[in-house]
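In what follows, a structure is listed as structure tokens, so that the remarks can point back to it.
Chains as they are written, first to last, in the working numbering: chain X, 1 to 460; chain Z, 1 to 460.
Okay, here's the thing in structure tokens:
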């Protein structure tokens with residue numbers, strides 16, 4: 001990882017652009033990776049971006065174009081002549097074209113479709129039909145298709161002929177005369193087998209495939225489970241319609257992970273890099289959650305108001321409110337994050353509902369007992385003996401200790417149940433359950449606290 | 001994704017084991033994927049696991065062995081004859097052997113090393129020297145090495161000869177006579193080039209490589225940035241010592257993601273699937289954090305005790321404590337999670353310190369103004385007019401509103417700074433900063449609240 005070198009690549013490029021030394025700039029970048037060239041383009045004006053783009057060899061230019069920021073793509077397309085646009089489109093895979101089209105305004109889309117070959121237009125239109133986040137929306141239709149009666153030699157010849165246009169040649173797919181997927185052959189199989197062997201004899205016929213409408217996150221997890229570099233996608237009738245490659249699966253994993261992180265931080269996900277995201281975008285992502293959680297605090301406020309006279313009679317109780325609520329909140333979020341991740345990763349299914357609740361209940365009892373002991377001892381040793389808070393006595397310590405115990409149990413059990421129930425009724429476990437769990441656990445911990453106080457300390 | 005089929009694979013296998021129909025069991029599983037077979041082994045006794053294992057063809061058996069739970073691996077090795085152990089080891093890649101050795105007790109390690117070939121012993125010992133989480137610890141030493149004067153035909157012949165033992169043949173590495181990495185050639189390049197071409201003419205000489213001591217998470221992110229399927233690892237003198245393959249990179253991404261989730265939920269990460277993790281393991285992962293956060297609540301308790309008489313004089317203030325502290329906590333965690341992820345993903349570096357603080361300050365001002373307005377209006381409309389809480393008047397509403405505004409600003413700025421400072425002094429941003437941010441923000445929000453109350457409402 002030559003961070004220093006990468007650094008200087010951008011800096012060197014910027015200096016050369018500044019001095020308009022385009023021949024040297026060409027030499028500097030014409031063998032770089034697309035991701036690194038886009039880091040340069042991100043730092044310059046759109047006009048300079050066009051200049052850089054035009055210095056690139058055709059194939060690299062297409063790669064750079066695919067990974068580019070949508071605004072820059074739009075700017076480039078508008079700067080292109082029709083011939084230039086056609087050259088780019090000819091280099092693109094259909095799935096990348098479909099992705100680009102989804103981000104462009106209508107007039108640009110029209111121009112792209114007018115310039116594309118009829119074949120590409122048809123393929124792209126097919127791809128655009130699949131719902132967002134489905135296997136169909138991330139698959140590519142450009143793969144190597146073999147027949148079972150081909151020899152290894154036939155297959156290698158075919159790869160030599162068509163391979164340049166395929167997104168991967170490392171896994172080839174064997175289909176029958178109805179286009180149904182019957183096996184896979186890897187390039188490794190082909191390279192290591194005698195040339196006269198039949199595909200039928202070397203293919204793996206136990207093939208794991210996904211359906212066009214399957215969820216992209218579940219598919220990405222299959223890549224991690226099986227270690228595949230490509231996965232076939234079939235339609236209702238088991239006809240092979242596309243493949244998903246591992247680089248797209250990694251992108252999906254990254255995207256879904258960031259979404260989950262955002263939800264757990266009570267903010268909507270933002271799509272761009274941190275430094276490129278404007279404060280206003282962050283504001284819009286965060287403020288709804290802050291307002292929602294503030295509404296939830298209304299309930300706790302109402303509960304406290306209700307016990308105002310009791311608190312006035314025994315003011316020491318007020319000091320422990322944050323600790324009681326905090327412990328409830330932390331206990332609950334430990335459980336909810338763990339369960340929500342378990343659901344996301346497919347480790348936890350609804351049939352495990354009671355197993356999960358029972359497990360969290362066991363953890364809660366262990367944690368609750370420890371916290372009960374810690375709280376009681378801490379109140380008596382630290383608050384009473386060390387800080388000389390005379391209002392703290394044995395019964396107050398037991399009251400707070402029992403509250404912490406009961407709160408931990410309630411918080412963990414509720415946090416174990418809600419995400420699973422949310423998932424069951426078709427809602428996003430993270431989005432629905434976090435604010436709901438917070439609201440319920442906050443209110444409950446106060447009710448338990450005042451309940452215990454009424455019971456043990458006879459406040460009323 | 002044939003969830004139903006997978007389901008029934010395990011069930012079918014269990015039924016066949018129950019009835020001791022091993023011939024049928026062999027037919028059922030001998031073409032399955034390693035991950036699926038391990039799902040069966042997870043459900044049976046270790047003795048039955050050995051039976052299943054012995055039904056597998058040699059190559060598949062090795063794959064299943066590699067992915068198996070370490071306890072089961074140990075059980076199997078102890079059940080193996082020396083000849084059986086040798087057979088397995090012969091099928092394993094060196095990096096997988098090294099991983100297994102790291103999990104085994106000393107006597108098993110001795111037996112493995114005694115049985116391994118001298119060549120494997122040497123390679124494994126080399127791999128075991130690299131620190132945990134480094135590139136060296138996840139790389140494999142089995143790759144295809146080419147010379148620049150080879151022809152395409154030579155190279156394909158070499159692949160046919162040695163390819164079966166290599167972890168990937170899809171990227172081949174070109175080294176000079178000092179073993180220094182000078183280029184890469186993909187199997188696609190080889191298959192699509194004329195046989196008499198020289199490697200020198202078709203290789204890519206701009207190669208991105210990592211060093212043996214580079215951090216595994218940063219490397220995994222490079223896979224996602226560049227879309228590679230393998231990455232070369234070089235030593236200090238640019239000599240090629242190994243490669244990292246995309247499947248291992250995905251595992252690293254998954255593992256690091258789970259660690260980050262765990263830290264943000266204030267729990268230590270657990271290594272196994274949710275349902276397989278015992279309550280006691282969860283208890284040990286969670287209780288230290290709950291106790292730590294409880295200590296942090298001591299400070300808030302002390303602050304409240306300090307203002308006990310003021311609260312007694314104006315009891316309505318108590319009711320808004322949870323809302324004020326909650327808003328501070330939520331504002332802070334929105335920022336800290338976002339910044340911590342930015343650091344993890346390499347989007348935020350220390351040189352951006354002030355950019356980040358300034359951005360979060362801007363977001364905080366926007367959020368703070370909105371929350372100020374919402375709070376004041378809510379107190380006057382809901383608490384005063386609707387709930388007839390006569391203790392709430394205009395000055396109380398302004399006091400709470402201003403507190404929420406100031407708390408939001410402080411929380412976001414502190415949460416923006418601490419993770420970056422933690423990283424700078426070499427600590428884990430998530431582990432250090434979450435409890436520290438909570439403690440500081442909780443205490444600060446109360447101090448601001450009582451400060452505002454003293455200033456505006458003249459409580460004392």
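For glycine and all other residues, C-beta sits at the position ideal for the given N, C-alpha and C.
Asked	Found
Endpoints, the alpha helix (DSSP H) within which residue 302 of chain Z is located	279-306
Contact list for residue 206 of chain Z against chain X, beta-carbon separation under 8 Å	31, 32, 33
Closer than 7 Å at the beta carbon, the chain X residues around residue 254 of chain Z	224
For residue 440 of chain X, the three-state DSSP class (helix, strand or coil)	helix
Sufficient close CB pairs (3 or more, under 8 Å) joining the stretch 62-78 of chain X to the stretch 102-110 of chain X	yes
Limits of the alpha helix (DSSP H) - the one that residue 76 of chain X falls within	70-79
Cα-Cα separation, residue 432 of chain X to residue 167 of chain X	39 Å
The stretch 334-349 of chain X in contact with the stretch 308-328 of chain Z per 3-pair CB rule at 8 Å	no
For residue 230 of chain X, the residue or residues it bridges with in DSSP	X:245
Which listed residue (X:155, X:390, X:27) has its alpha carbon closest to that of residue 144 of chain X	X:155
Under the three-state DSSP convention, the category residue 323 of chain X falls into	helix
Interface partners of residue 330 of chain X on chain Z, CB under 8 Å	266, 289, 290, 293
Proximal residues to residue 124 of chain Z (C-beta, below 8 Å), its chain only, five neighbours per side dropped	94, 97, 98, 101, 113, 116
8 Å Cβ cutoff, residue 160 of chain Z in contact with chain X	yes
Range covered by the beta strand (DSSP E) that runs through residue 171 of chain X	171-175
Residues from the stretch 304-325 of chain X in contact with chain Z, defined by Cβ distance under 7 Å	304, 305, 308, 311, 312, 315, 318, 319, 320, 321, 322, 323, 325
Local Cβ density within 10 Å of residue 165 of chain Z, reported as buried at 16 or more and exposed below that	exposed
Cβ-based burial, residue 453 of chain Z [other Cβ within 10 Å; buried from 16]	buried
Close beta carbons around residue 197 of chain Z, own chain, < 6 Å, minus the five adjacent residues each side	152
DSSP three-state assignment for residue 181 of chain Z, whether helix, strand or coil	strand
Own chain residues within Cβ distance below 7 Å of residue 17 of chain Z, not counting five before or after	25, 44, 48
Unbroken alpha helix (DSSP H) run spanning residue 188 of chain Z, endpoints	187-192
Per DSSP, cross-strand counterpart(s) of residue 240 of chain Z	Z:234
Residue 60 of chain Z versus residue 173 of chain Z: straight-line alpha-carbon distance, rounded	27 Å
CB contact flag (residue 270 of chain X, residue 249 of chain X, <8 Å)	no
Own chain residues within Cβ distance below 7 Å of residue 311 of chain X, not counting five before or after	317, 318
Inter-residue Cα distance where the pair is residue 9 of chain Z and residue 279 of chain Z	29 Å
Pairwise C-alpha distance: residue 191 of chain Z and residue 159 of chain X	8 Å
Residue burial classification, residue 425 of chain Z (beta-carbon count within 10 angstroms, cutoff 16)	exposed
Residue span of the alpha helix (DSSP H) that contains residue 113 of chain X, given as start and end	106-115
8 Å Cβ cutoff, residue 434 of chain X in contact with chain Z	no
Same chain, Cβ closer than 8 Å to residue 290 of chain X, five either side skipped, listed in chain order	266
Option in X:357, X:225, X:390 with minimal Cα separation from residue 252 of chain Z	X:225
Members of the stretch 334-364 of chain Z that neighbour chain X once the beta carbon cut-off is set at 7 Å	334, 337, 338, 341, 342, 347, 348, 352, 355, 359, 362, 363
Simplified DSSP state of residue 260 of chain Z, which is helix, strand or coil	helix
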